[in-house]
Structures are given as structure tokens and as C-alpha cells.
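K.L.:
Below you'll find the structure I mean.
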Ligand code: HEM
């Protein structure tokens, strides 16, 4: 959503929407080799966007029957009906993409270059020649479609929400924004885009990403884990079969670990907490979870977060739409930001990107 303001080269952009389009484009391309832009394959694009948006809306909907099972009969709010319809629609889209991939393989229109394979291609490679007895319970097509859907569901909203928090935090903390920009000018230079090879030198940017994930993990409560045997956690006896939710938000704001725990201070990751990473090695900071079920998308995500944030800061002058700080109150809807984040964003005179 763009809005021109008073004839200058400043425009008002709804950044969450912009991040969503960008991340969907990257992830849909990575998983299925498809374009998710407004202007390509218009009818199919519209159908896919609608199905995916409904899927995300339903994913974060509170359904009373999940907690009081006998209410399922009444389907309060009609969510179950909507979920069934959406499951059918999403499955039919994935099925058609799977058939397309298979057709290309069978008629020899096959990508010779390994680098061009998308995630669905690689899954088809893995399952080629698999026998039914190798896959007890499910057929290969179902496993491929559901794994792709899990990647899509796990990957998009989390990344979009994190980018929105990061930008909001920087806009509310101008000194940090300035430091990140100065670093970009020094280590990247004014006339080029930020590339992957620059990121290792952008230590303040890396610290900003960690500090944002510490304060605002996009999933403040981890997905439920079920204990497979009796165990003791934090002094509590947990029986086998208990569903546990980890409160990442609380863990990552523990005042006995984090000095000034509620304050946005990327500098802590350059000094007192410089050896702490987000890869599940340090249990005080686990926005991607830890152990065997931790986020499988972590490496791709970290590349995306650093590159996107760095390029947005480097290529544009971004301002808040008013002098008021951005409202940082969380809410339980698809967006974790209560207020729509709108920023004024105008491209700099320099750099000239090529
Ligand atoms: C900032 C971005 C992201 C964050 C903070 C995040 C965080 C998480 C967390 C906390 C979990 C649960 C781990 C657990 O159960 O302990 C998870 C699971 C998962 N994530 Fe991510 N994630 C992000 C991006 C991505 C991306 C880009 C992808 C894929 C392209 C992805 C794919 C998945 C999948 C498939 C699961 C489920 C794994 C399973 O059930 O075993 N995530 N993620």
C-alpha cells in the first residue's frame, strides 16, 4: 500500500505488507519455483494468495474446541468448516504444482543444473524409487506436499513479523539506526548493494538482529512439545504425554540473565553477551527453539533477515510517519504489531545501485 505525500519524492508505505510480498516471493520461489508477484499468472496468483492468506488467518485463530473438545459439535465461529474448505483448496494447489513438477521430469524438460532445483524438485529426487514399505502410513506425494506446506507455514509469517519488529525498534531508537547506517557506509560503501559477503563485517547489524529476536520472538510461546517420558523441568515433575509450551518471551527477558532486560540494546551482543548466538546453543536465547525439533529454516532465515534489513537501511531514508514512537504493544493476530507500521521511505540520492 503506497501513498504519495505532497508531491515530494517521499512516499508512505505499509511496510508489513511490503515485507510480506517480498518474503512470499522468496519462499514460494524457493519451494516451488513459482512467482508470487501481482503481475504474473494473474488468476493463479490471486487464487494462491487467497488460499495462503486464509491458511495463515486460520493458523492463528483461537478455536474454543481445541481446549474444550465437546464444543467441537457446535463449530463456534464456523472455523472448522472454513479449515476443511481451505485444506481442500491448498491441497489442490499443491497437487497441481506437484503434477507440474512430475510432468517436467517425465518429458525430459528437466533442469540439468543442481542450483536451479527448487525444494519440491529435491523432495521428488529423495523419494524417487521409494517403496511403500519405506514409508509406513503415508504415500510419497502426501509427505512431499505436507513438508512443503510446513515450510511455507513456518517460514513466511515469522520472517515478516521479525522484519517488522526490527525496523520498528530501529525507528524508535534513532541512535541505533544511525550506528547501523554508519557501519553500512564503512563496510559496504555508498555505491553498491549489500551482499552476503558483507554481512560478516556488519557486527552492529548482527547484534541488532539478535536483540530484536530476544525482545520480540515472533512466536513468543513455542509450538507445543509432548514429553515422551516422565521428566523434571525447572524443578517441576512433568508426566509422560504432557503438552509443554515454552515461554520464549519470558526466558529471553529474564532479568537475572539480561541486564536492563526490557531495553533495546544491541550493544550487549558486542560486549557482555557477545558469545551468545540464536542457534539453540544457549538456552537463554532460543527464538528458533533448540534440539532436534528446532527450526529447520534457521540458516536461510538468518541470511534473509540480515540481507533485507541491511539493504532497506542502506538504500532508503526511512522515517516514522509522525513524531510519535511506533506502538510496540503485541497482539494475538496474524500481525504481532497492534498498530499498522507505516513509515515514510524515500530513496537516497546516493547510492546509485547497479
Ligand atoms: C525469523 C524467522 C523464524 C523464526 C523465529 C522461526 C522459529 C521457529 C520455532 C521457534 C520453531 C519451533 C521449534 C520447536 O518446536 O522447538 C520453528 C519451527 C519450524 N520452522 Fe521456523 N522460524 C523462522 C523462519 C522459518 C523459515 C524461513 C522456515 C522455512 C523456510 C521455517 C520452517 C520451520 C518449520 C518447517 C518448522 C517446524 C519444524 C518441526 O515441526 O519439526 N522457519 N521455527
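In the working numbering, the protein residues as written are 2 to 355.
Heads up, the beta-carbon is just placed ideally off N, CA and C, and yes, glycines get one too.
Use the C-beta contact count for residue 349: other C-beta atoms within 10 angstroms, 16 or more gives buried, fewer gives exposed.
P.N.:
Interpretation of residue 349 is limited by its pLDDT of 45, a score under 50 that renders its predicted location unreliable; the figure taken from the coordinates is listed afterwards. Counting Cβ neighbours within 10 Å, residue 349 comes out exposed, since fewer than 16 surround it.
K.L.:
Which residue wins for smallest C-alpha separation from residue 49, given the options 122, 30, 66?
P.N.:
Of the listed residues, the one whose Cα sits closest to residue 49 is 30.
K.L.:
Hey, quick one: how far does the beta strand (DSSP E) through residue 120 stretch, first residue to last?
P.N.:
It is not in any beta strand (DSSP E) - residue 120 instead sits in the alpha helix (DSSP H) that spans 120 to 128.
K.L.:
Quick check: what's the CA-CA separation for residue 194 versus residue 308?
P.N.:
Straight-line Cα distance between these residues: approximately 10 Å.
K.L.:
Is the beta carbon of residue 234 within less than 8 Å of some heavy atom of the ligand HEM?
P.N.:
Result no, Cβ not under 8 Å from the ligand HEM.
K.L.:
Which residues in the same chain have their Cβ closer than 8 Å to the Cβ of residue 222, if we skip the five residues on either side of it in sequence?
P.N.:
246, 247, 248, 249, 250, listed in sequence order.
K.L.:
Output the boundary residues of the alpha helix (DSSP H) element that contains residue 312.
P.N.:
Looking at the DSSP string, the run of the alpha helix (DSSP H) that includes residue 312 is 299 to 316.
K.L.:
On the DSSP letters alone, give me the boundaries of the alpha helix (DSSP H) that residue 149 sits inside.
P.N.:
Its alpha helix (DSSP H) spans residues 141 to 173.
K.L.:
Taking the straight line between their C-alpha atoms, what separation do you get for residue 98 and residue 88?
P.N.:
So the two alpha carbons sit approximately 15 Å from each other.
K.L.:
For residue 203 and residue 185, I'd like the C-alpha separation in whole angstroms.
P.N.:
Answer to the nearest angstrom: the Cα atoms are 7 Å apart.
K.L.:
Would you say the segment 286 to 296 touches the segment 210 to 226, given that touching needs at least three Cβ pairs under 8 Å?
P.N.:
Touching, yes, given that three or more Cβ pairs across the two stretches are closer than 8 Å.
K.L.:
What three-state label does DSSP hand residue 77 in the structure shown?
P.N.:
Correct three-state label for residue 77: helix.
K.L.:
My understanding is that residue 241 touches residue 229, with C-beta atoms under 8 Å, so please give their C-beta distance in whole angstroms.
P.N.:
The Cβ separation is near 7 Å, so the contact holds.
K.L.:
From which residue to which residue does the beta strand (DSSP E) around residue 15 run?
P.N.:
Counting along the chain, the beta strand (DSSP E) containing residue 15 begins and ends at 12 to 15.
K.L.:
Could you tell me the distance, in whole angstroms, from the CA atom of residue 209 to the CA atom of residue 20?
P.N.:
Approximately 18 Å, taken between the alpha carbons.
K.L.:
For a quick check, are the C-beta atoms of residue 91 and residue 141 less than 9 Å apart?
P.N.:
No, they are not a contact pair.
K.L.:
In the DSSP assignment, what residue or residues form a beta bridge with residue 372?
P.N.:
A query on residue 372 cannot be resolved here, the shown segment of the chain reaching from 2 to 355 and no further.
K.L.:
Which one or two residues does DSSP pair with residue 226 in a beta bridge?
P.N.:
The partner list for residue 226 (beta bridge, DSSP) reads 245.
K.L.:
Would the segment 310 to 323 and the segment 164 to 177 be scored as touching if the rule is three or more Cβ pairs under 8 Å?
P.N.:
Yes, the segment 310 to 323 is in contact with the segment 164 to 177.
K.L.:
How would you call residue 159, buried or exposed, if buried means at least 16 neighbouring beta carbons within 10 angstroms?
P.N.:
Result: buried.
K.L.:
Could you tell me the boundaries of the alpha helix (DSSP H) in which residue 217 lies?
P.N.:
Per DSSP, residue 217 belongs to no alpha helix (DSSP H) and is neither H nor E.
K.L.:
So what does DSSP say about residue 280, is it helix, strand or coil?
P.N.:
Note: residue 280 maps to coil in three-state DSSP.
K.L.:
Return helix, strand or coil for residue 348, following the three-state DSSP convention.
P.N.:
The pLDDT assigned to residue 348 is 48, lower than 50, so where the model puts this residue is not dependable; a value taken from the coordinates is nonetheless given after this. Strand, per DSSP.
K.L.:
Compare the C-alpha of residue 310 against each of 75, 105, 148, 163 and name the closest.
P.N.:
Ranking the options by Cα distance to residue 310, first place goes to 163.
K.L.:
Taking its Cβ as the centre, do 16 or more other Cβ atoms sit within 10 Å of residue 151, making it buried, or is it exposed?
P.N.:
Exposed, by the Cβ-count rule.
K.L.:
Could you please give me the residues that DSSP links to residue 232 through a beta bridge?
P.N.:
DSSP output for residue 232 lists 239 as bridge partner(s).
K.L.:
Is there at least one non-hydrogen atom of the ligand HEM closer than 8 Å to the beta-carbon of residue 226?
P.N.:
Answer for residue 226: yes, Cβ within range of the ligand HEM.
K.L.:
Could you check whether the Cβ of residue 329 sits closer than 8 Å to any heavy atom belonging to the ligand HEM?
P.N.:
No - the ligand HEM has no heavy atom lying nearer than 8 Å to the Cβ of residue 329.
K.L.:
With burial defined as no fewer than 16 other Cβ atoms inside 10 Å of the residue's Cβ, what is the status of residue 176: buried or exposed?
P.N.:
Classification of residue 176: exposed, given that the 10 Å Cβ count is below 16.
K.L.:
My output table needs one value for residue 69: the three-state DSSP class, helix, strand or coil.
P.N.:
The answer is coil: DSSP assigns residue 69 none of H, G, I, E or B.
K.L.:
Alpha carbon to alpha carbon, what distance is there between residue 121 and residue 74?
P.N.:
Rounded to the nearest angstrom, the two C-alpha atoms are 37 Å apart.
K.L.:
Does the ligand HEM have even one heavy atom less than 8 Å from the beta-carbon of residue 108?
P.N.:
Residue 108: no, Cβ never under 8 Å from the ligand HEM.
K.L.:
Give the straight-line distance between the Cα atoms of residue 11 and residue 106, rounded to the nearest whole angstrom.
P.N.:
In a straight line, the C-alpha of residue 11 is about 48 Å away from that of residue 106.
K.L.:
What is the DSSP secondary structure of residue 320, counted as helix, strand or coil?
P.N.:
DSSP places residue 320 in strand when its eight states are reduced to three.
K.L.:
Would you call residue 156 buried or exposed, if buried means 16 or more other Cβ atoms sit within 10 Å of its Cβ?
P.N.:
Counting Cβ neighbours within 10 Å, residue 156 comes out buried, since at least 16 surround it.
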